[in-house]
Amino acid sequence: MELSLTTWNINSVRLRLPIVERFLKDYQPDILCLQEIKCLNDQFPYKPLRELGYEHIEVHGQKGYHGVAIVSRIPLGEGFSTDYCAMGDTRHISVVFDAGGRKIRLHNFYVPAGGDEPDPEINPKFRHKLDFLEEMKVLKADQGDGIGSILVGDLNIAPMENDVWSHKQLLKVVSHTPVETEGMKDLIAKGGWVDLMRHVTREDEKLYTWWSYRAKDWQAANRGRRLDHIWTSPDLVPAFQRFDILTEARGWEKPSDHVPVTASFAF
């Protein structure tokens, strides 16, 4: 069985429904994980997505902010969410599904951005981000139940030097500060996760999934960051085929500042 799974911070699913529909029609992933849907559960556009063949939908929404959803062509087990940092934010949803005769646990995350000032003493948003990251460290890729794990989402950290356009210039910029990058590397190590994109890409190769709205010409400037991630438990690595970053989606009409990232597996 072949399985394709996409993660995409859509930055308001209702506002950007036309490009979600375009992506699903043109690329037809089996599962699409969305972050920052910015709507309540009953406001999610179930009908148009189901009409495209995505009948299985799990949503954990919030009015105007945050929110995550999993949209699938294959059946999903009932979703659950964890309230990280007990803030009441909707930043996580998880389901279990079957692929190729095996069960897989899928986590979809939207990690706090952290504000602009990388000092937890004066910036509560950055403190929240670091606390959120710390709580994620208890999440194990192998939970000892024979179920493989996939973790995706906008994790709002670019952990490697070549996950940003300039390592030196961004060392004091939120998303690439040492406390964040080392924290993420520790999370990966303690959880036993495999960062699939870097697993098959040389460390000196640039990888970006996000380009700021602030750039007048994002393509010419190309000052990107890899904020969107796909990790798995080690047992799923042999099934991993490739990943694709749909850079062109950043230039679509009314785009998100993130683009879809798709992982393909063969079970």
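Just add 3 to wherever you are in the sequence shown, counting from 1, and you've got the numbering used here. Virtual Cβ for every residue (Gly too), placed ideally from N, Cα, C. What you are looking at is a predicted structure, and each value in this text was computed from that prediction instead of being measured.
- In this structure, the alpha-carbon of residue 216 lies about 6 Å from that of residue 260.
- Looking at the DSSP output, residue 156 shares a beta bridge with 112 and 232.
- Note on residue 17: under 16 other CB atoms within 10 angstroms of its CB, so exposed under the neighbour-count rule.
- DSSP places residue 122 in no alpha helix (DSSP H); its state is neither H nor E.
- Secondary structure at residue 191: helix, using DSSP grouped into helix, strand and coil.
- Under DSSP, no beta-bridge partner is assigned to residue 82.
- Annotated as proximal: residue 247 and residue 265, with beta-carbon spacing under 7 Å.
- The region 154–166 and the region 97–113 touch, with no fewer than 3 CB-CB distances between them shorter than 8 Å.
- Burial check for residue 13: the Cβ neighbour count within 10 Å reaches 16 or more, so the residue is buried.
- Scanning its chain for C-beta atoms nearer than 6 Å, with the 5 sequence neighbours on each side dropped, one finds around residue 38 the residues 12, 71, 113, 156 and 157, in chain order.
- Take residue 269, set aside five residues on each side of it, and the residues of its chain with a beta-carbon closer than 7 Å to its own are 5, 242 and 244, in chain order.
- In the three-state DSSP reduction, residue 46 falls in the helix class (H, G or I).
- In this structure, the alpha-carbon of residue 233 lies about 15 Å from that of residue 213.
- By the 16-neighbour rule on beta-carbons within 10 angstroms, residue 73 is buried.
- For residue 183, the three-state secondary structure derived from DSSP is helix.
- By the criterion of a C-beta distance shorter than 8 Å, residue 165 is surrounded in its chain by 206, 207, 208, 209 and 210, once the five residues flanking it on both sides are discounted.
- Note on residue 50: under 16 other CB atoms within 10 angstroms of its CB, so exposed under the neighbour-count rule.
- Between residue 42 and residue 10, the gap from beta carbon to beta carbon reaches 7 Å or more.
- Note on geometry: alpha-carbon atoms of residue 228 and residue 128 lie some 20 Å from one another.
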